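Encoded as structure tokens, the structure appears first; notes follow it.
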Amino acid sequence: MGGQYLIRIAIYPNVTKSGAGEILERVIKFANQYNIELLLPPKEGKFFYHEELINQNIEKEYIDMAISIGGDGTLLGLCRRLAKNGIPVCGINIGHLGFLADIEPGEIEAKLTKIINRQYKIEERLMLSAYIKRQGKINYIGSAVNDVVVSKCGVSRMLHFGVAINDYMVTNYKADGLIISTPTGSTAYSLSAGGPIVNPKVKGIILTPICPHSCFIRPMVIDESEKVALNIINIISMTKRSVNLTLDGQEGVDIEPDDEIIIEKANFPAQIVRFEDKNFYQTFMNKLCL
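Take 202 as the starting number for the sequence shown in the numbering used here and just add one per residue.
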């Protein structure tokens, strides 16, 4: 693992974000001063002209922590890539919101100092895994930190779908879609659709309909151990690519008639680095209410 180093960190800068290169240079300068070994993925290393830091098998290497440079979306993508390996992830925020990315540009050196001194905590966040049962075969689609969303595409008709929880048919929805969210994702798309604000420490899953065609349909919070199954009922009106499933709004697949969509707690959590000087309610008020 390179025993001469104090700590080993993988850096994932977002190549599409303005300012990511400058932030990366500050991290590299700090690392050189404090005996930190940095690793960069091949694409990012070449883009920012730091081939000397490239590791071709970065996600198979032992690392103490991974740090994203970007916004919350960059951090979410990194969590999905590394959660199975049990690697803690931290974010340097150069995005618009920065609800999950815990380090602001003005804090970089101070927060990196806390990291090398182990002055941080790791929050384990529930992740959801999505499956599609098609022609009797169950296929794993992927996992999400924020949410799994089943929704119509474009101007296709309103969806009519049944929702079962632990194999019990709970209700039928007529809506533009359904958001199945973790508590972490309760402040993302689910919040915009009228879902509740849920502390990430709550062990639950939130079901939030998108534009429901009824005054009596409300979001629902269920236990994290429960399995959710969806079946699109109006399959006659479905056309190819009229319904899709997305993970954290970043990865998606098309839903076909007769597909059953299954969402449940993932076998692994996301491990997100947080610092003691921030808490959920403070961050919520500062980021979303002001």
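Built from N, CA and C at the ideal position, the CB exists for glycine as well. As the structure is a computational prediction, the values presented were derived from the model and not from experiment.
Quick one: complete beta strand (DSSP E) runs, 3+ long, within the stretch 361-392? List check, beta strand (DSSP E) in window: 369-376 and 378-382.
Which residues in the same chain have their Cβ closer than 6 Å to the Cβ of I339, if we skip the five residues on either side of it in sequence? Here residue 339 is taken as the residue at index 138 of the sequence shown, counted from 1. Hits under 6 Å: Y332.
At which residues does the beta strand (DSSP E) containing K466 begin and terminate? Residue numbering aside, residue 466 sits at position 265 when the sequence shown is read from its first letter. Run containing K466: E461 to K466, per the beta strand (DSSP E) assignment.
Exposure label - K285; buried when at least 16 CB within 10 Å: Stepping through the sequence shown from its first residue, residue 285 is reached at position 84. Around the C-beta of K285, fewer than 16 other C-beta atoms lie within 10 Å, and the residue is accordingly described as exposed.
Would you call the CB atoms of M328 and V349 closer than 7 Å? Numbered from its first residue, the sequence shown carries residue 328 at position 127. Numbered from its first residue, the sequence shown carries residue 349 at position 148. For M328 and V349, no; Cβs fall outside 7 Å.
At the level of alpha carbons, what is the spacing between A389 and P289? Position 188 of the sequence shown, counting from 1, holds the residue named residue 389. Position 88 of the sequence shown, counting from 1, holds the residue named residue 289. Distance between the alpha carbons of A389 and P289 is about 22 Å.
L283 versus Y369 - alpha carbon distance: Translated into positions along the sequence shown, residue 283 becomes position 82. Translated into positions along the sequence shown, residue 369 becomes position 168. Between the alpha carbons of L283 and Y369 lies a distance of about 34 Å.
Inspect the beta-carbon positions of I381 and L408 and report whether they are closer than 7 Å. Within the sequence shown, residue 381 is the residue found at index 180, counting from 1. Within the sequence shown, residue 408 is the residue found at index 207, counting from 1. For I381 and L408, yes; Cβs fall inside 7 Å.
What is the DSSP secondary structure of E427, reduced to helix, strand or coil? Position 226 of the sequence shown, counted from the first residue, corresponds to residue 427. In the structure shown, the three-state DSSP call for E427 is coil.
Got a sec? Which residues, its chain only, sit under 6 Å from T275 by beta carbon, not counting five neighbours each side? If you number the sequence shown from 1, residue 275 lands on position 74. Shown here for T275: same chain residues with a beta carbon closer than 6 Å to its own, the five before and five after excluded, namely N215 and S269 in chain order.
Using DSSP's beta-bridge definition, name the partner residues of Q472. One-based indexing of the sequence shown puts residue 472 at position 271. Residue pairing by DSSP places Q472 opposite E325 in a beta bridge.
Please classify M486 as buried or exposed, where buried requires at least 16 neighbouring CB atoms within 10 angstroms. Within the sequence shown, the letter at position 285 stands for residue 486. With fewer than 16 other Cβ atoms within 10 Å, it is exposed.
Y213 - DSSP class collapsed to helix/strand/coil: The residue you call residue 213 lines up with position 12 of the sequence shown. Collapsing the DSSP output to three states places Y213 in a strand.
Looking only at its chain, what residues have a beta carbon closer than 8 Å to the beta carbon of E252, apart from the 5 residues adjacent to it on each side? Mapped onto the sequence shown, residue 252 falls at position 51. Cβ within range, chain order: G246.
On the DSSP letters alone, give me the boundaries of the beta strand (DSSP E) that N445 sits inside. Sequence index remark: in the sequence shown, residue 445 carries index 244 (1-based). Its beta strand (DSSP E) spans residues V444 to L448.
Determine the burial state of S219: buried for a count of at least 16 other Cβ atoms within 10 Å of its Cβ, exposed for fewer. By 1-based counting over the sequence shown, the position of residue 219 is 18. With fewer than 16 Cβ atoms within 10 Å of its Cβ, S219 is classed as exposed.
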